[in-house]
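All remarks here apply to the structure that follows.
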Amino acid sequence: MAFADVNRVNTKNEEITKKMEMEKRINHMATHDELTGLPNRISFKQELMNQCDSSRNEHSSLAVMMLDFQGFKYINSALGIQSGNQMVIQMIIRLKAFLGIKNFISRYSEDQFAIIAKDLRNPEDYEAMAQSVASLFTRPFKVDIYEFPVTMNMGISIFSHDIENSKTADDEDSEQISDELIRHANVALLWARKEGKNHYQFYSSDISIQNYKQFELRNDLRKAIEKNQFEVYYQPVVQLETTEILAAEALIRWNHPDWGMVSPQEFIYLAEETGAIVEMGKWMLREICSNSKNWKQKGIPQTKVTINFSSIQFYEKDFVENIKSILDEFQFDPKFLIIELTESLLSKDGDKVMADIQRLQTLGIKVALDDIGTGLSSLAYLNTFNIDVLKMDSAFIRNIMFDKKTAIIARTIVNLARDLEIKLVAVGIENWEQLSFLQEANCHAGQGYLYSRPLPLTEFENILKSGKCDPAFLERTTIDVSEEKRQSLRLDFEPFIEAELTIIKILEKKMNVGNTKILIKNIGPSGLCFISNIKFPIEQEFTLRFTTILFDRKIETHGTPVWIEEIEQGFYQYGVDFTIDQNEREELTETLIEIQAKLTVQ
Ligand code: C2E
Ligand code: MG
122 MAFADVNRVN
132 TKNEEITKKM
142 EMEKRINHMA
152 THDELTGLPN
162 RISFKQELMN
172 QCDSSRNEHS
182 SLAVMMLDFQ
192 GFKYINSALG
202 IQSGNQMVIQ
212 MIIRLKAFLG
222 IKNFISRYSE
232 DQFAIIAKDL
242 RNPEDYEAMA
252 QSVASLFTRP
262 FKVDIYEFPV
272 TMNMGISIFS
282 HDIENSKTAD
292 DEDSEQISDE
302 LIRHANVALL
312 WARKEGKNHY
322 QFYSSDISIQ
332 NYKQFELRND
342 LRKAIEKNQF
352 EVYYQPVVQL
362 ETTEILAAEA
372 LIRWNHPDWG
382 MVSPQEFIYL
392 AEETGAIVEM
402 GKWMLREICS
412 NSKNWKQKGI
422 PQTKVTINFS
432 SIQFYEKDFV
442 ENIKSILDEF
452 QFDPKFLIIE
462 LTESLLSKDG
472 DKVMADIQRL
482 QTLGIKVALD
492 DIGTGLSSLA
502 YLNTFNIDVL
512 KMDSAFIRNI
522 MFDKKTAIIA
532 RTIVNLARDL
542 EIKLVAVGIE
552 NWEQLSFLQE
562 ANCHAGQGYL
572 YSRPLPLTEF
582 ENILKSGKCD
592 PAFLERTTID
602 VSEEKRQSLR
612 LDFEPFIEAE
622 LTIIKILEKK
632 MNVGNTKILI
642 KNIGPSGLCF
652 ISNIKFPIEQ
662 EFTLRFTTIL
672 FDRKIETHGT
682 PVWIEEIEQG
692 FYQYGVDFTI
702 DQNEREELTE
712 TLIEIQAKLT
722 VQ
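Residue numbers (our numbering): 122 to 723.
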């Protein structure tokens with residue numbers, strides 16, 4: 122071969138090698154975490170599927186251990202991301218030294234590691250291993266000159282042909298099994314977190330409905346923006362003396378495909394934990410700007426809008442610039458925006474927060490301090506921070522009529538706000554007594570169900586058109602249809618009786634979640650009324666099963682909730698229509714007649 126040809130072949134070979142190396146690198150990047158070099162979520166799933174296959178063939182077992190850590194966000198914000206990264210690497214070193222090469226470890230997400238542990242004989246062995254893993258994190262980690270404790274929680278699911286309670290699932294393929302193992306380990310993790318710091322928890326099918334709901338919400342939150350499931354509701358803020366609408370608080374709602382309209386109390390903390398709050402906040406701001414622009418075009422008087430920001434959002438790099446660029450995008454006049462922040466933020470990184478507040482105010486945005494009254498230390502911050510609006514907490518307003526001290530403090534806050542020339546808004550005005558108290562105390566403004574509940578956009582626009590919002594008697598928000606429909610046979614329980622509730626179907630999707638305790642207030646052949654701390658949607662087709670024992674007679678029946686009423690903060694009363702056939706209804710009627718006879722004898 123001529124010299125030139127040899128050269129050409131060599132160059133070609135080099136090119137091929139380079140290309141192969143490049144492909145290898147790209148492949149590695151797609152399947153590995155850049156910082157730690159560990160396999161990522163994609164590789165974990167693939168490996169789990171392979172290992173499930175082998176375990177099935179060899180009749181052996183494996184466990185998925187899902188670990189998550191809290192404390193990174195604090196280190197990242199206090200010492201910078203480099204320190205956070207150092208910490209992650211140290212954790213991996215400790216974990217790898219313990220796990221050896223037999224067990225597979227991956228970085229499943231930013232603050233979650235997933236382990237596949239194999240070939241142990243029985244659940245106790247897996248438990249011993251979980252204990253050892255947990256004990257690795259009882260010692261703090263050293264970053265630079267600082268020592269940081271880490272909070273670790275672990276959820277575990279086991280796959281085995283022999284171990285009781287785990288899935289044998291011959292009819293499922295490895296992908297389905299591995300998906301389920303991951304899901305179960307995540308549900309167990311949620312449970313472990315609830316137990317407190319440094320806990321581990323094995324998955325059991327007896328997981329409560331509340332945990333299941335939280336798990337679903339956490340899982341679905343990331344995709345909620347893309348799927349267009351969020352909605353902004355507006356609640357008018359009214360000048361108490363004139364009933365003029367001064368502003369509106371924008372409150373987020375999540376229209377979840379299974380759980381219906383979910384309140385922010387159920388998902389804001391999840392969004393904070395996962396960091397989804399940042400994107401969610403931007404979505405809110407865009408939506409508000411866009412709605413407000415439309416008001417202008419529709420000839421509806423433009424009103425100020427207040428928006429809640431959680432501390433995590435303040436930590437975002439270029440936080441103020443990002444807000445400004447959204448406002449610019451919509452040509453939204455900053456003087457129509459009020460940002461609500463909470464005391465917990467002010468207690469953190471004082472200098473940075475103060476600078477951010479000042480920059481917001483320089484742009485023309487006003488700043489409100491929310492939830493005043495519960496933690497009274499927030500008043501101390503008024504000295505340091507330049508706050509434009511104070512919002513008195515609804516929990517506080519609820520007590521002013523019952524508790525003398527609360528009433529005195531409320532009056533003091535009203536006076537203090539006036540002296541400092543800060544506008545005060547009382548949140549959660551529900552009745553005339555509270556309103557009269559606040560009017561007498563000369564409170565400037567308020568919001569609450571007495572004026573209006575938070576409303577979807579078009580309903581709010583109708584009120585905004587008039588520019589005023591009068592207080593009104595509260596109408597009942599639920600219609601007790603089944604109560605009226607209920608036939609003459611109805612057992613009322615005093616005290617209410619305990620029962621177990623589970624979800625058997627959501628729409629047509631069969632469910633397999635555990636039981637939750639509820640209280641039954643009354644029951645008849647066509648329905649019942651129960652009380653629970655779980656919020657079930659009414660508009661969705663949920664089928665619930667109720668089981669209870671009364672005078673040694675087991676009652677098991679199922680139905681769908683048809684009305685709901687919030688009886689106390691976090692407690693709901695439901696009316697349920699049974700979805701049982703004629704035979705079941707006759708059987709239930711007989712049982713109820715028997716029980717009624719026994720109740721009368723008592
Ligand atoms: P918040 O900022 O204190 O908002 C006021 C809450 O009180 C709202 O609950 C509102 O519906 C409720 N409320 C108003 N008047 C009454 C009343 O007369 N009686 C009763 N019982 N409640 C009343 P909501 O909408 O469930 O929001 C709960 C919390 O979630 C808010 O409390 C706020 O901290 C947070 N939140 C809501 N939307 C967002 C958001 O877009 N971003 C962030 N970061 N947090 C949000
Ligand atoms: Mg608020």
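Beta carbons are placed, not taken as given, at the ideal position from N, Cα and C, and that holds for glycine.
DSSP state of residue i mapped onto helix, strand, coil
{"i": "Lys626", "result": "strand"}
{"i": "Gly485", "result": "coil"}
{"i": "His377", "result": "strand"}
{"i": "Met522", "result": "coil"}
{"i": "Tyr390", "result": "helix"}
{"i": "Ala345", "result": "coil"}
{"i": "Ser227", "result": "strand"}
{"i": "Ile701", "result": "coil"}
{"i": "Glu337", "result": "helix"}
{"i": "Ala547", "result": "strand"}
{"i": "Ile409", "result": "helix"}
{"i": "Gln252", "result": "helix"}
{"i": "Gly420", "result": "coil"}
{"i": "Lys656", "result": "coil"}
{"i": "Arg472", "result": "Sequence check: residue 472 is Asp here, not Arg. Reduced to three states, the DSSP call for Asp472 is helix."}
Buried or exposed by the 16-neighbour rule on C-beta atoms within 10 Å, applied to residue i
{"i": "Lys656", "result": "buried"}
{"i": "Gly221", "result": "exposed"}
{"i": "Val602", "result": "Interpretation of Val602 is limited by its pLDDT of 42, a score under 50 that renders its predicted location unreliable; no figure is taken from the coordinates."}
{"i": "Val130", "result": "exposed"}
{"i": "Gln555", "result": "buried"}
{"i": "Val722", "result": "exposed"}
{"i": "Ser281", "result": "buried"}
{"i": "His180", "result": "exposed"}
{"i": "Asp341", "result": "buried"}
{"i": "Ser609", "result": "exposed"}
{"i": "Ser253", "result": "exposed"}
{"i": "Lys642", "result": "buried"}
{"i": "Pro357", "result": "buried"}
{"i": "Gly645", "result": "buried"}
{"i": "Ile486", "result": "buried"}
{"i": "Lys544", "result": "buried"}
{"i": "Arg314", "result": "buried"}
{"i": "Gly471", "result": "exposed"}
{"i": "Ile688", "result": "exposed"}
Whole-angstrom C-beta distance between residue j and residue i, which should lie under 8 Å
{"i": "Met273", "j": "Met187", "result": "So it is not a contact: roughly 11 Å between Cβ atoms."}
{"i": "Ser204", "j": "Asp265", "result": "6 Å"}
{"i": "Ile460", "j": "Gly494", "result": "Their Cβ separation, rounded to whole angstroms, is 20 Å, which puts Ile460 and Gly494 out of contact at 8 Å."}
{"i": "Tyr502", "j": "Glu542", "result": "Actually they are not in contact, since the Cβ atoms of Tyr502 and Glu542 sit about 16 Å apart, beyond 8 Å."}
{"i": "Tyr321", "j": "Ala255", "result": "5 Å"}
{"i": "Ser647", "j": "Phe699", "result": "6 Å"}
Of the residues the options, the one placed nearest residue i, counting alpha carbons only
{"i": "Leu338", "options": "Leu481, Ser609, Thr138 and His377", "result": "His377"}
{"i": "Asp246", "options": "Ile137, Leu183, Phe506 and Lys403", "result": "Leu183"}
{"i": "Asp379", "options": "Glu347, Lys334 and Pro261", "result": "Lys334"}
{"i": "Lys438", "options": "Gly201, Leu156 and Lys145", "result": "Gly201"}
{"i": "Ser384", "options": "Ile409, Arg228 and Leu576", "result": "Leu576"}
{"i": "Ala516", "options": "Gln690, Arg666 and Asn412", "result": "Gln690"}
{"i": "Lys780", "options": "Glu582, Cys590, Asp591 and Val683", "result": "What the structure shows of the chain is the stretch from 122 to 723, and residue 780 is not part of that stretch, so it cannot be assessed."}
{"i": "Ile366", "options": "Leu500, Ala566 and Pro455", "result": "Ala566"}
{"i": "Gln726", "options": "Leu490, Leu612, Pro270 and Glu442", "result": "Given a span of 122 to 723 for the chain in the structure shown, any question on residue 726 remains unanswerable."}
{"i": "Leu511", "options": "Gln386, Asn443 and Asn429", "result": "Asn429"}
{"i": "Gly396", "options": "Ile618, Asn654, Asn197 and Thr681", "result": "Asn197"}
Start-to-end residues for the beta strand (DSSP E) that takes in residue i
{"i": "His180", "result": "His180 -> no beta strand (DSSP E), and no H or E assigned at all."}
{"i": "Asn724", "result": "A query on residue 724 cannot be resolved here, the shown segment of the chain reaching from 122 to 723 and no further."}
{"i": "Asp591", "result": "That residue, Asp591, is in no beta strand (DSSP E); it is neither H nor E in DSSP."}
{"i": "Ile676", "result": "Arg674 to Glu689"}
{"i": "Met513", "result": "Val510 to Met513"}
{"i": "Cys650", "result": "Gly648 to Ser653"}
{"i": "Thr363", "result": "Unbroken run through Thr363: none, as it is neither H nor E."}
{"i": "Ile279", "result": "Thr272 to Phe280"}
{"i": "Phe234", "result": "Gln233 to Lys239"}
{"i": "Thr668", "result": "Phe663 to Leu671"}
N-terminal and C-terminal residue of the alpha helix (DSSP H) that residue i is part of
{"i": "Phe440", "result": "Phe440 to Glu450"}
{"i": "Gly205", "result": "Ile202 to Leu220"}
{"i": "Lys456", "result": "No alpha helix (DSSP H) holds Lys456; DSSP gives it neither H nor E."}
{"i": "Ile266", "result": "Here Ile266 belongs to no alpha helix (DSSP H), and DSSP marks it neither H nor E."}
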